[in-house]
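Trainee:
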Amino acid sequence: MDLKIRFLGAARSVTGSKYLLEISGKKILVDCGLFQGLKELRLRNWDQFPIPPEEVEAIIITHAHIDHIGYLPRMVKGGFHGRLICTRATEDLMQIMLKDAAKLQEEEARFALKRGYSKHLKPEPLFTIEDAARVLALVESYPMEERIEIANSIQVTFHNAGHILGAAFVEMDLQGTSQKKKIVFSGDVGRYDDPILYDPKLIPQADVLLVESTYGDRLNPVNKVSDDLTKIIREAVDQNGVIVIPAFAVGRTQTLIYYLHQLKQAKAIPDLPVYIDSPMAIRATDIYERNSPYHKIEVKRTNGDRVSIFDSSNIHFCNTQESSKALNDIKSPCVIISASGMCTGGRILHHLYHRLRNEQDIFLFAGFQAEGTRGRAILKGEKFVKLFGEQVPVNCHVREVHGLSAHADQSELLRWMGNLTEAPKKLFVTHGEESVALNFARIIRQERGWESIVPSYLDSFELFKGI
Ligand SMILES: [Zn+2]
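When we follow the numbering used here, the leftmost residue of the sequence shown carries the number 3, and every step to the right adds one.
(1) Could you pull the start and end residues of the beta strand (DSSP E) that Glu151 belongs to?
(2) My output table needs one value for Met174: the three-state DSSP class, helix, strand or coil.
(3) Kindly indicate the opening and closing residues of the beta strand (DSSP E) around Pro248.
(4) Count Cβ pairs between the segment 173-183 and the segment 130-141 that sit closer than 8 angstroms; are there 3 or more?
(5) Is Phe9 near Leu460, with beta carbons less than 8 angstroms apart?
(6) Less than 7 angstroms between the CB of Ile278 and some heavy atom of ligand 1, yes or no?
(7) Select from Glu291, Phe312, His161 and Leu358 the residue whose C-alpha is nearest the C-alpha of Lys203.
(8) I'd like to know whether the C-beta atoms of Arg90 and Asn47 end up nearer to each other than 8 angstroms.
(9) In the DSSP assignment, the beta strand (DSSP E) including Ser340 goes from what residue to what residue?
(10) Out of Ile166, Phe37 and Gln393, which one is the CA nearest neighbour of Met96?
(11) Restricting to Cα atoms, I'd like to know which of Val224, Gln267 and Pro335 is closest to His404.
(12) By how many angstroms is the C-alpha of Asp102 removed from the C-alpha of Leu45?
(13) Take the Cβ of Lys29 as the centre, count every other Cβ of all protein chains shown within 10 Å, and call the residue buried at 16 or more, exposed below.
(14) Verify the contact flag: Asp190, CB atom, against every heavy atom of ligand 1, threshold strictly below 7 angstroms.
(15) For Leu358, collect the residues of the same chain with a Cβ closer than 6 angstroms to its Cβ; drop the 5 residues on either side in sequence, then sort them by chain order.
(16) Suppose only complete runs of 3+ residues qualify. What are the beta strand (DSSP E) ranges in the segment 254-282, listed by chain order?
(17) For ligand 1, is there a heavy atom less than 7 angstroms away from the beta-carbon of His161?
(18) Apply the 10 Å Cβ neighbour rule to Pro295 and answer buried if 16 or more other Cβ atoms are within range, or exposed otherwise.
(19) Could you tell me whether the Cβ atoms of Ile364 and Ile234 are closer together than 8 angstroms?
(20) Let me know the secondary structure DSSP gives Ile380 once reduced to three states.
(21) Using a Cβ-based criterion (distance less than 7 angstroms to any ligand heavy atom), does His165 qualify as near ligand 3?
(22) Let's see if you can read the secondary structure: which residues bound the beta strand (DSSP E) around Thr432?
(23) Per DSSP, what kind of secondary structure is Glu300 in: helix, strand or coil?
(24) Between which two residues does the beta strand (DSSP E) holding Ser26 run?
(25) In angstroms, rounded to a whole number, what distance separates the CA positions of Ser19 and Val186?
(26) Which of the three DSSP states is assigned to Gln448 in this structure?
(27) Exposed or buried, Asn305, counting other C-beta atoms within 10 Å across all chains shown (16 or more means buried)?
(28) For Gly243, which of Phe312, Leu265, Lys333 and Ser155 has the nearest alpha-carbon?
(29) Suppose contacts are defined by Cβ-Cβ distances below 8 angstroms. Is Pro197 in contact with Phe367 by that definition?
(30) Closest by CA to Ser314, which one among His263, Val431 and Asp411?
(31) Would you check whether ligand 1 has a heavy atom nearer than 7 angstroms to the C-beta of His399?
(32) Going by the DSSP bridge assignment, what does Arg401 pair with across the sheet?
(33) Give the DSSP-derived three-state secondary structure of Glu435 in the structure shown.
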């Protein structure tokens, strides 16, 4: 058995996760994410896929974030018709995420056409709702910890990675004619001591390891979240302002609701209305109930109805455009949570357009903002941001809560790798901006004495030959 790997994304960048394996001629892809952020990265989404998509036999998905699944509709459009394998909760989330992303793509193309700010005569969406539906028809989902046969001598197992509901790291076992080998793909590693998700499982052993490095250069303590949030919410209430938080409707939104609920119970903050503004704003309770082994949230049955903290009376879902637009008129303190999480598209753009100019309002970042995104520009302190072809001044307050990130920080990434008693034969540091990934590779050398590779886009490596 021979094995090669090619890095088709998340190599010296954070988005576009795609790792192509060639195992004795068989082609398997791990993750199939969209590039986001810098234009030079986003343009890659329109490039031809390096091999004909129909040659890929299986795609294994670690979790339902768009930078790990958002390229699937393009793959299917390009001819992919193989197996698409993920965990049960990832399937549930993928249904919402892909349809939502497609809807946003279509809306944006229509809007650009109407307003005439696109350079293209007829702006096209990257993919449509129909393309997304074709992806969903291919999904095969499995529980965590079950060995899944991909081919005769290839098996994979999903293990809990924390991060978001259903997120897994992938253990791939290969049986060669003379040797067994194990490859581990970290996916995105979550946090330890998260209030909603269980700790990431430790890695068993690995001949080859790919480890993400989003926050490989810093420490983000979880224990400061309540204090930081209290301060920011009180600040908004004192200045009679609205707090806008970019985040997708499932995932960080529930973590935020959890903290707001705790703070309200402790009387640290007043009882503010919380608006979840997404075209697919759903009662997350159903998804959390179906996937109860993978989180700590209690879902009760009251008169046959499922109820959890996500159903509190102060939480409102804006499914329609009218209810979303009505939020622009609110002039008293409240929390608005809207997607996309990095302000690259979606309804959050309308909130940016209306709120950035208001001195009393607060934009609160609760997740990673990739290079080249509007979110990053605002966070960096840009005075103007381009929205719908117009330069909008940033007069509002901009705040950030680090501990809410769904990503392991440097110490947690090392902890996750802590079970490995010896160096993997090959260790790749991926899914981090260039300087961060290089920095994390240096930390690994310092802490464990292991050499690692920080691959670049389209680099390929021979992993095993004749095993
Ligand atoms: Zn992720």
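Heads up, the beta-carbon is just placed ideally off N, CA and C, and yes, glycines get one too. Because the structure is a prediction, the values reported are computed rather than measured.
Mentor: Once the coordinates are examined:
(1) Segment Arg149 to Ala153, the beta strand (DSSP E) holding Glu151.
(2) In the structure shown, Met174 adopts extended strand secondary structure according to DSSP, grouped into three states.
(3) Pro248: member of the beta strand (DSSP E) spanning Ile245 to Pro248, first to last residue.
(4) Short answer: they don't touch.
(5) In contact: Phe9 and Leu460 (Cβ atoms closer than 8 angstroms).
(6) With a cut-off of 7 angstroms, the C-beta of Ile278 is classified as distant from ligand 1, since no heavy atom of the ligand falls inside that distance.
(7) Cα-wise, what sits closest to Lys203 is His161.
(8) No, the pair does not count as a contact, with Cβ atoms beyond the cut-off.
(9) Element bounds for Ser340: Val337 to Ser340.
(10) For Met96, the closest C-alpha among the options Ile166, Phe37 and Gln393 is that of Ile166.
(11) His404 has its Cα closest to that of Val224, out of Val224, Gln267 and Pro335.
(12) Rounded to whole angstroms, the gap between the alpha carbons of Leu45 and Asp102 is 21 angstroms.
(13) Counting Cβ neighbours within 10 Å, Lys29 comes out buried, since at least 16 surround it.
(14) Checking every heavy atom of ligand 1 against the Cβ of Asp190, one is found closer than 7 angstroms.
(15) If we look at Leu358 and ignore the five residues flanking it on each side, its Cβ neighbours are Val394, Val396 and Cys398.
(16) Within the segment 254-282, the runs of beta strand (DSSP E) at least 3 residues long that lie entirely inside it are, in chain order, 276-279.
(17) Taken from the Cβ of His161, every heavy atom of ligand 1 lies 7 angstroms or farther away.
(18) By the 10 Å Cβ count, Pro295 comes out exposed.
(19) With respect to Ile234, Ile364 sits close: the two C-beta atoms are nearer than 8 angstroms.
(20) DSSP, reduced to helix, strand and coil, places Ile380 within a helical segment of the structure shown.
(21) Ligands displayed in this structure: ligand 1; ligand 3 is not among them.
(22) Lys428 to Thr432 is the extent of the beta strand (DSSP E) around Thr432.
(23) Glu300 sits in coil when the DSSP states are folded into three classes, being neither helix nor strand.
(24) For Ser26, there is no enclosing beta strand (DSSP E), as DSSP marks it with neither H nor E.
(25) One C-alpha to the other measures close to 15 angstroms.
(26) In this structure, Gln448 counts as helix in the three-state DSSP scheme.
(27) By the neighbour-count definition (other C-beta atoms within 10 Å, threshold 16), Asn305 is an exposed residue.
(28) Considering only alpha carbons, the answer is Lys333.
(29) Result no, Cβ atoms of Pro197 and Phe367 do not sit closer than 8 angstroms.
(30) Considering only alpha carbons, the answer is His263.
(31) No, the Cβ of His399 stays beyond 7 angstroms of every heavy atom of ligand 1.
(32) Listed as beta-bridge partners of Arg401 by DSSP are Leu366.
(33) DSSP places Glu435 in coil when its eight states are reduced to three.
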